[in-house]
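For the sequence shown, the working numbering begins at 9 and goes up steadily by one.
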Amino acid sequence: MSSTSGRHSDDEIREALRGAVGDAQFDYDTLVAGTHHRAGRIRRRRAIATGVAVAVLGPALVGGAALVLPEILPGDSGTVAPAGAPESVDATDTPRPDDAAVTSAPVVAEVPWQDGELPQPEGGFEVNDDLPNAWEIPDARPTGVVELDDLGVPKLAMNYPRTVPVSALMTCDPGRADGAEPEAGQSFSFYSDASQDLAIELTVTGWADSVAARDGLLHDSYTLCTWDGVQGEPQEWSGHQGDEDYLLYAAESDRAAAVIRQGDYLVAVTVSEGDEGQNQDVAAEIAAKTAANLAVLDPAHGRD
Numbered sequence: 009m010s011s012t013s014g015r016h017s018d019d020e021i022r023e024a025l026r027g028a029v030g031d032a033q034f035d036y037d038t039l040v041a042g043t044h045h046r047a048g049r050i051r052r053r054r055a056i057a058t059g060v061a062v063a064v065l066g067p068a069l070v071g072g073a074a075l076v077l078p079e080i081l082p083g084d085s086g087t088v089a090p091a092g093a094p095e096s097v098d099a100t101d102t103p104r105p106d107d108a109a110v111t112s113a114p115v116v117a118e119v120p121w122q123d124g125e126l127p128q129p130e131g132g133f134e135v136n137d138d139l140p141n142a143w144e145i146p147d148a149r150p151t152g153v154v155e156l157d158d159l160g161v162p163k164l165a166m167n168y169p170r171t172v173p174v175s176a177l178m179t180c181d182p183g184r185a186d187g188a189e190p191e192a193g194q195s196f197s198f199y200s201d202a203s204q205d206l207a208i209e210l211t212v213t214g215w216a217d218s219v220a221a222r223d224g225l226l227h228d229s230y231t232l233c234t235w236d237g238v239q240g241e242p243q244e245w246s247g248h249q250g251d252e253d254y255l256l257y258a259a260e261s262d263r264a265a266a267v268i269r270q271g272d273y274l275v276a277v278t279v280s281e282g283d284e285g286q287n288q289d290v291a292a293e294i295a296a297k298t299a300a301n302l303a304v305l306d307p308a309h310g311r312d
C-alpha cells in the first residue's frame, strides 16, 4: 500500500516539474530522488531538535527552573536562555554597617603620666577589711618625676577611707564634730635616710561631695580633719590662677602642699625637706600628673 502511494507521489512530482519547466529536457527521476533526500534530511533535523529540547527542558523542570526555549526549527540559530531571572540587586541598595565601625577596636585612652610597672612596697597595699573603701581607687602615681624616681619604692601604701585629706598638715583626732569623712582613700609615703632627699606624701581621697570637701579646705570647715595651723590664702598656681580646683599652700618654709579636685577626688601632695620653691614645684607637678592619670584610669569617679 505504501509503495503504491509512493509511486503516485512520484508521478505527481514529475507532472508538477513538467508543468513548471515546460518542454525543457530534465532527468525527472534524479530530481524526484533529490526531493525525497532533502525531505528526509528535514525530518531528521526536526527529530534531533526535539531530542535536544527534551534533554534540556526535562532536568530544568525537575529542578524547578523555568526556561523559555525559542522555536527550534531546522536552520534556526537561537539559544536556550533562562526566563524570568530575578533582576540583580545593587549591593549599595542594602544598608550595611560601616566597615570601619565593625572592624575597629574601641580606642583605649593612654594614661598620660605612667610608663611601665609602678614600684610596689614589700607586702603590697595595707587595707582594713572592717572598713573598706566604697570603691576601688586605681594606682595613679605618675612615673618620670625625678624626685619620685629617686625615692623609688614607697615606704607605705594604704587603701583606707579614713585618710587625712592633706597628709602632715591636718589633724583628725580629735576632729571636727560631725565633719565629713572620705568614702575612699589611698595614700603613699616616700622618704629615705639620705639628708638630701625630699619626703613626699601622696594622698587621694574620694568624696560624696568633692566640691564641699574642697571648700572645706579653703574655709577650714566641712571635713572631719582640720588644719594644724592657720593656712591662709592659697598661693598662686602658675597656669591655674583663679581656678578653685587648684590649691597651693606653703604652710612653712620647709613644707608645701598642692591639692587638686579631680571629679570625686581630692589629690593632695605634701613635700618637705627641700627649699620653699622646690617643695611647691614638686608638689604641684606630682599632684597635676596624678590627677590627669585618675581622669583616664577612673572615668566614673575621676571626671565631673
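All C-beta atoms, glycine included, are put in the ideal place defined by N, C-alpha and C.
Asked	Found
At least 3 beta-carbon pairs within less than 8 Å: the stretch 153 to 166 vs the stretch 285 to 304	yes
Proximal residues to S175 (C-beta, below 6 Å), its chain only, five neighbours per side dropped	E209, T211 and T278
CA-to-CA distance, A202 to L274, given in whole angstroms	30 Å
Buried versus exposed, by CB contacts within 10 Å (16 or more), A270	Just to set this straight, residue 270 is Gln in the shown sequence, not Ala. Label assigned to Q270: buried.
C-alpha distance - A117 paired with E144, whole-angstrom precision	19 Å
Same chain only: Cβ atoms within 7 Å of G59, ignoring 5 sequence neighbours per side	The pLDDT assigned to G59 is 47, lower than 50, so where the model puts this residue is not dependable, and the model offers no usable value.
Opening and closing residue of the beta strand (DSSP E) in which T193 lies	In the sequence as presented, Thr is not what sits at residue 193; that position holds Gly. Taken as a continuous stretch (DSSP letters only), the beta strand (DSSP E) holding G193 covers A192 to F198.
Residue of L225, D181 and W215 minimising C-alpha distance to A192	W215
The alpha helix (DSSP H) enclosing E1, as first and last residue numbers	Residue 1 lies beyond the residue range present for the chain, which begins at 9 and ends at 312; the question has no answer from this structure.
Reduced DSSP category for S203 - H, G, I as helix; E, B as strand; rest coil	coil
Close Cβ partners of Q194 (< 6 Å) along its chain, the five nearest in sequence each way excluded	I145, N167 and V212
Cβ-based neighbour list, L164, same chain, cut-off 6 Å, excluding 5 preceding and 5 following	S197
Status (buried if at least 16 other CB within 10 Å, exposed otherwise) for S280	buried
Pair within 8 Å by beta-carbon distance, H248 and Y257	no
heavy atom of the ligand NAD below 7 Å from D228 C-beta	This structure does not include the ligand NAD; it has no bound ligands of any sort.
Cβ neighbour criterion (16 or more within 10 Å) applied to Q122	buried
Extent of the continuous alpha helix (DSSP H) run through L177	Where L177 is concerned, there is no enclosing alpha helix (DSSP H), given that its DSSP letter is neither H nor E.
Beta-carbon proximity check, N301 vs V135, cutoff 8 Å	no
Counted within 10 angstroms of its Cβ, other Cβ atoms place R149 as buried (16 or more) or exposed	buried
Interface flag, A148 vs chain B, CB-CB below 8 Å	Looking at the structure shown, chain B is missing, and only one protein chain is on hand.
Proximal residues to A303 (C-beta, below 8 Å), its chain only, five neighbours per side dropped	Q270, G271, G310 and R311
Residues that R149 bridges to, as DSSP identifies them	Paired residue(s): none; R149 is not in a bridge.
T298, buried or exposed, once every other Cβ within 10 Å from all chains shown has been counted against 16	buried
Residue from V267, C233 and P242 with nearest C-alpha to T179	C233
Nearest-angstrom Cα separation, counted from D228 out to A4	The chain is shown from 9 up to 312; residue 4 falls before or after that span and cannot be answered.
Beta-carbon contacts of E252 that lie in its chain and below 6 Å, excluding the five residues immediately before and after	none
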